[in-house]
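Asker: Quick one: the structure is below, and I'll ask about it shortly.
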Amino acid sequence: MSSVIGHLLRYGVVLSFAITVFGTALLIQQSGGADTSSPLTYHASTVPHGNFDVSLSALVSGLQGFQAYAYIELGVLVLLATPVSRVMVSIFLFAAEKDRMYVVITAVVLVFLIFSIFVTPLIPGFQA
Amino acid sequence: MLIIEFVVILFLVSILAGVFGSIVGLGGGVVTVPVLTLFFGVDIHFAIGASIFAIIGTSSGAASTYIKDRLTNLRVGMFLELGTTTGAIAGAAVAAYADSSILEIIFGSILLVTLIPVLMKIGEDLPKNPELKGLSKRLKLTGSYTEPDGTEVNYNATRPRTGLLGMIVAGMLSGLLGIGGGGFKVLSMDLAMKLPMKVSTTTSNFMIGVTAAASAGIYFARGDVNPLIVAPVALGILIGAAAGARVLVKARNPTVRKFFAVVLALAAIEMILSAFGI
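So the protein lines, in turn, are chains A and B.
For the first sequence, the positions run 119 to 246 when the working numbering is used.
For the second sequence, the positions run -18 to 259 when the working numbering is used.
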């Protein structure tokens, strides 16, 4: 049971690492000589807080256009997927052990994660 | 500063942070956020955003090792994650309304609090094994592992509700400050639930990734995860933590702890002072 999760985590991290390295290489190639003051600017009163786009459409077109930020964001999102997939796999593994209580507990944790990742961005109270 | 300078320097510093953090047993957040805000002058919200993802990286990377050793207790971890995830979502929500100086003050204070277990040098001795009964029994919070010398250790957890409360606090701190909350998690599992130290630390490490993931999406959507910052930080910390884990043989050195306690105290004071504009 544990080795499935162990391998899953490791491959996810490696994949994320590779994508992020690629994105960083693009960053240096595309904007290495630019100044950091604009990219590091934090807007406290407007969302999103930085001078970069975080919408899904921007991500997709950024990937197609080989934009550095898009690949870094992708690498970061793959990283985010590793603990989430770990929880998902655990549900199946607990089910295989016929441990109904922990199938339920793990499913609840998964619901919290899904809520946090997909629902809260739509709630104004969480975005400020 | 030029982007290329920033990326390279931050990457190298992050490797150091990763090595340091993994040797002393504290997650990347406690080292990363002060370094980013104090040395690089980055806004603390960006620092937290980057730290959250660095933490996921080290947790997922390290957890793959410990699970195989049967040290990590998956049921204890999953049950307690009910607390950490709710806490993390709440913490991330609160962070939306906290301006930078308040976060810096809270962070500095938590750094000081984190000093307590480091100074106490929580002993490696196995606690007297409590009986498995009540809620712990129904939740199957029990396990066993093999010590390096071959002896088999059986253990049971106790006071799961207290442990869960500790986890909610740990989760809130994680969501608010971008730290792993490992210190609180280990304290709860060690003191409240009476789990063996090695189980507490490895299970905590395993849980930290899920806790961070619970607030990561919120930070990402807010635009607090700056690609310019998170790329070198996540990459550097990952490499550093992997290297540090190999050096872990020397981790029980009291000199390292004393040195770290001093650095931690200085960082804590600096963060609080910087919040007041000094």
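We treat Cβ as the ideally placed atom computed from N, Cα and C, and that holds for glycine.
In this text the structure is predicted, and so the values were computed from the model without any measurement.
Would you kindly check if the distance between the Cβ of G64 of chain B and the Cβ of F187 of chain B is under 7 Å?
Answerer: Position 206 of the second sequence, counting from 1, holds the residue named residue 187 of chain B. Position 83 of the second sequence, counting from 1, holds the residue named residue 64 of chain B. No, the pair does not count as a contact, with Cβ atoms beyond the cut-off.
Asker: Is the segment 207 to 226 of chain B in contact with the segment 151 to 167 of chain A, if contact means three or more CB pairs nearer than 8 Å?
Answerer: Yes: the two stretches touch, three or more of their Cβ pairs being nearer than 8 Å.
Asker: Whose C-alpha, out of B:R119, B:I33 and B:E128, is nearest the C-alpha of R51 of chain B?
Answerer: In the second sequence, residue 51 of chain B corresponds to position 70, counting from 1. Looking at the Cα atoms, B:E128 is the closest of the given residues.
Asker: Chain B beta carbons: is any one of them nearer than 7 Å to that of G183 of chain A?
Answerer: Along the first sequence, one-based indexing puts residue 183 of chain A at 65. Output row for G183 of chain A: interface = no.
Asker: Which residues of the segment 143 to 156 of chain B have a Cβ closer than 8 Å to any Cβ of chain A? Give them in chain order.
Answerer: Residues passing the 8 Å Cβ filter: none.
Asker: Of all the residues that make up the segment 155 to 180 of chain B, which are near chain A by a beta-carbon distance shorter than 8 Å?
Answerer: The residues in question: there are none.
Asker: Could you say if the segment 163 to 175 of chain B and the segment 70 to 84 of chain B meet the contact criterion of at least three C-beta pairs nearer than 8 Å?
Answerer: Flag = no, the segment 163 to 175 of chain B and the segment 70 to 84 of chain B do not touch.
Asker: Indicate the three-state DSSP secondary structure (helix, strand or coil) for T13 of chain B in the structure shown.
Answerer: Here the question's residue 13 of chain B lines up with position 32 in the second sequence. T13 of chain B: helix per DSSP, three-state reduction.
Asker: Can you name the residues of chain E whose CB is closer than 9 Å to the CB of I223 of chain A?
Answerer: Any reference to chain E falls outside this structure, whose protein chains are A and B.
Asker: Taking R142 of chain B as the reference, give the member of B:M170, B:F1 and B:I33 with the closest Cα.
Answerer: For this step, residue 142 of chain B is matched to residue 161 along the second sequence. Looking at the Cα atoms, B:M170 is the closest of the given residues.
Asker: Nearest chain B C-beta to G180 of chain A closer than 7 Å, yes or no?
Answerer: In the first sequence, counting from the first residue as 1, residue 180 of chain A sits at position 62. Not closer than 7 Å to any Cβ of chain B, the Cβ of G180 of chain A fails to qualify, so no.
Asker: Tell me the DSSP secondary structure of N135 of chain B in three-state form.
Answerer: Here residue 135 of chain B is taken as the residue at index 154 of the second sequence, counted from 1. It is a strand residue.
Asker: Chain B beta carbons: is any one of them nearer than 7 Å to that of I209 of chain A?
Answerer: Position 91 of the first sequence, counted from the start, is the residue given in the question as residue 209 of chain A. By this cut-off, I209 of chain A is not an interface position.
Asker: Can you tell me which of B:V16, B:S90, B:S40 and B:N135 puts its alpha carbon nearest to the alpha carbon of I29 of chain B?
Answerer: One-based indexing of the second sequence puts residue 29 of chain B at position 48. Among B:V16, B:S90, B:S40 and B:N135, the Cα nearest to that of I29 of chain B belongs to B:V16.
Asker: Considering Y126 of chain B, what are the terminal residues of the beta strand (DSSP E) in which it resides?
Answerer: By 1-based counting over the second sequence, the position of residue 126 of chain B is 145. Counting along the chain, the beta strand (DSSP E) containing Y126 of chain B begins and ends at T123 to T127.
Asker: Within its chain, find whatever has a CB closer than 7 Å to the CB of I86 of chain B; leave out the 5 residues flanking it on each side and keep chain order.
Answerer: Position 105 of the second sequence, counted from the start, is the residue given in the question as residue 86 of chain B. So the list reads I253 and A256, once near-sequence residues are dropped.
Asker: Y78 of chain B touches chain A at which residues, Cβ-Cβ below 7 Å?
Answerer: Here residue 78 of chain B corresponds to residue number 97 of the second sequence, with the count starting at 1. Ordered by position in chain A, the residues that pass the 7 Å Cβ test against Y78 of chain B are A246.
Asker: Select from the segment 191 to 211 of chain B all residues with a C-beta closer than 9 Å to any C-beta belonging to chain A, and list them in chain order.
Answerer: For the segment 191 to 211 of chain B, which is checked against every Cβ of chain A, the residues closer than 9 Å are V191, T192, A193, A194, A195, S196, A197, G198, I199, F201, A202, R203, G204, D205, V206, N207, P208, L209, I210 and V211.
Asker: At a CB distance below 9 Å, what residues from the segment 189 to 214 of chain A approach chain B? Give them in sequence order.
Answerer: The residues in question are Y189, I190, E191, G193, V194, L195, L197, L198, A199, T200, P201, V202, R204, V205, S208, L211 and F212.
Asker: Of the choices A:F230, A:R128, A:A214 and A:I137, whose alpha-carbon is the least far from that of A188 of chain A?
Answerer: Your numbering for residue 188 of chain A matches position 70 in the first sequence. Measuring from the Cα of A188 of chain A, the nearest candidate turns out to be A:I137.
Asker: How many angstroms separate the CA atom of F1 of chain B from the CA atom of L211 of chain A?
Answerer: Walking along the second sequence from the start, residue 1 of chain B turns up at place 20. Walking along the first sequence from the start, residue 211 of chain A turns up at place 93. For F1 of chain B and L211 of chain A, the distance between alpha carbons rounds to 35 Å.
Asker: Could you tell me if R119 of chain B is buried or exposed, where buried requires 16 or more neighbouring beta carbons within 10 angstroms of its beta carbon?
Answerer: Walking along the second sequence from the start, residue 119 of chain B turns up at place 138. Looking at its Cβ environment, which holds fewer than 16 other Cβ atoms inside 10 Å, R119 of chain B is exposed.
Asker: Pull up the distance between the alpha-carbon of L145 of chain B and that of G68 of chain B, whole angstroms please.
Answerer: Along the second sequence, one-based indexing puts residue 145 of chain B at 164. Along the second sequence, one-based indexing puts residue 68 of chain B at 87. One C-alpha to the other measures close to 10 Å.
Asker: Distance, Cα to Cα, V221 of chain A vs R204 of chain A?
Answerer: Here the question's residue 221 of chain A lines up with position 103 in the first sequence. Here the question's residue 204 of chain A lines up with position 86 in the first sequence. C-alpha separation (whole angstroms): 13 Å.
Asker: If you measure from the beta carbon of V229 of chain A to each beta carbon in chain B, is any gap under 7 Å?
Answerer: On the first sequence, residue 229 of chain A is found 111 positions in, with the first residue counted as 1. With 7 Å as the cut-off, V229 of chain A does not count as an interface residue toward chain B.
Asker: Name the chain A residues that come within less than 7 Å of V23 of chain B, Cβ to Cβ?
Answerer: Here residue 23 of chain B refers to the residue found at position 42 of the second sequence. Within chain A, the residues near V23 of chain B are L158.
Asker: Express the C-alpha separation of A215 of chain B and A249 of chain B in angstroms, rounding to a whole number.
Answerer: Residue 249 of chain B sits at position 268 when you count from the first residue of the second sequence. Residue 215 of chain B sits at position 234 when you count from the first residue of the second sequence. Each residue's Cα considered, the two are about 23 Å apart.
Asker: Looking at C-alpha atoms only, which residue of B:T132, B:L84 and B:A71 is the closest neighbour of I149 of chain B?
Answerer: Here the question's residue 149 of chain B lines up with position 168 in the second sequence. Here the closest residue by C-alpha is B:A71.
Asker: Kindly indicate which three-state DSSP category D171 of chain B falls into: helix, strand or coil?
Answerer: Residue mapping note: residue 171 of chain B aligns to position 190 of the second sequence, counting from 1. Helix, per DSSP.
Asker: Starting from S41 of chain B, find everything on chain A with Cβ-Cβ shorter than 7 Å and list it in chain order.
Answerer: Translated into positions along the second sequence, residue 41 of chain B becomes position 60. Result: L127, G130, V131, T200 and P201.
Asker: Note down, in chain order, every chain B residue with its Cβ under 9 Å from the Cβ of A162 of chain A.
Answerer: On the first sequence, position 44 is the one that residue 162 of chain A refers to. Correct list: D24, H26, D80 and S81.
Asker: How far does the alpha helix (DSSP H) with L183 of chain B in it reach, from first residue to last?
Answerer: Counted from its first residue, the second sequence places residue 183 of chain B at position 202. Here the sequence assigns Thr to residue 183 of chain B, which means Leu is not the residue at that position. First-last of the alpha helix (DSSP H) with T183 of chain B: M178 to R203.
Asker: Determine the DSSP secondary structure at L(-17) of chain B, reduced to helix, strand or coil.
Answerer: Here residue -17 of chain B refers to the residue found at position 2 of the second sequence. L(-17) of chain B falls in the strand class under three-state DSSP.
Asker: For I(-15) of chain B, tell me which candidate among A:T200, A:A152 and A:I209 has the shortest Cα-Cα distance.
Answerer: The residue you call residue -15 of chain B lines up with position 4 of the second sequence. When each option's Cα is compared against that of I(-15) of chain B, the closest is A:A152.
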